[in-house]
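Following: one structure in structure tokens, then a few remarks.
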Amino acid sequence: MKVAIVNGPNLNLLGTREPEVYGKQSFEAFFEELTHGFNGELSYFQSNIEGE
Numbered sequence: 000m001k002v003a004i005v006n007g008p009n010l011n012l013l014g015t016r017e018p019e020v021y022g023k024q025s026f027e028a029f030f031e032e033l034t035h036g037f038n039g040e041l042s043y044f045q046s047n048i049e050g051e
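Using numbering that gives the first Met the number 0, the letters of the sequence shown correspond one by one to residues 0 to 51.
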């Protein structure tokens with residue numbers, strides 16, 4: 000199975016922007032955890048431009 004995660008604006012700031020609200024873990028660290036428990040192809044795309 001193939002799964003693609005598409006993230007929108009500012010999700011690249013997870014772990015650094017308002018960590019008391021959004022947590023201290025970056026999306027890259029979260030994605031790394033996801034790949035360990037997933038049996039298939041997992042990919043993601045993040046952009047701060049809403050039109051992409």
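Note that beta-carbon positions come from the ideal geometry of N, C-alpha and C, so glycine has one too.
Three-state secondary structure (DSSP) of residue i
i	result
E32	helix
F37	coil
N11	helix
6 Å CB neighbourhood of residue i in its chain, flanking five on each side removed
i	result
N25	Here residue 25 is Ser; the residue named in the question, Asn, does not match the sequence. Cβ neighbours of S25 beyond the five flanking positions: L13 and G14.
I45	As written in the sequence, residue 45 is Gln, which differs from the Ile given in the question. Once the five neighbours on either side are set aside, the close Cβ partners of Q45 are N6, L10 and N11.
Straight-line gap, residue i to residue j (C-alpha atoms, nearest Å)
i	j	result
I48	P8	7 Å
E19	E32	21 Å
H35	E17	27 Å
Supposed close pair residue i, residue j - CB separation, criterion 8 Å
i	j	result
F84	Y21	The structure shown does not extend to residue 84, since the chain is modelled only from 0 to 51, so the question has no answer here.
K1	E27	About 20 Å; that fails the 8 Å criterion.
Cβ shell of residue i (< 7 Å), same chain only, five flanking positions each side left out
i	result
K23	G14
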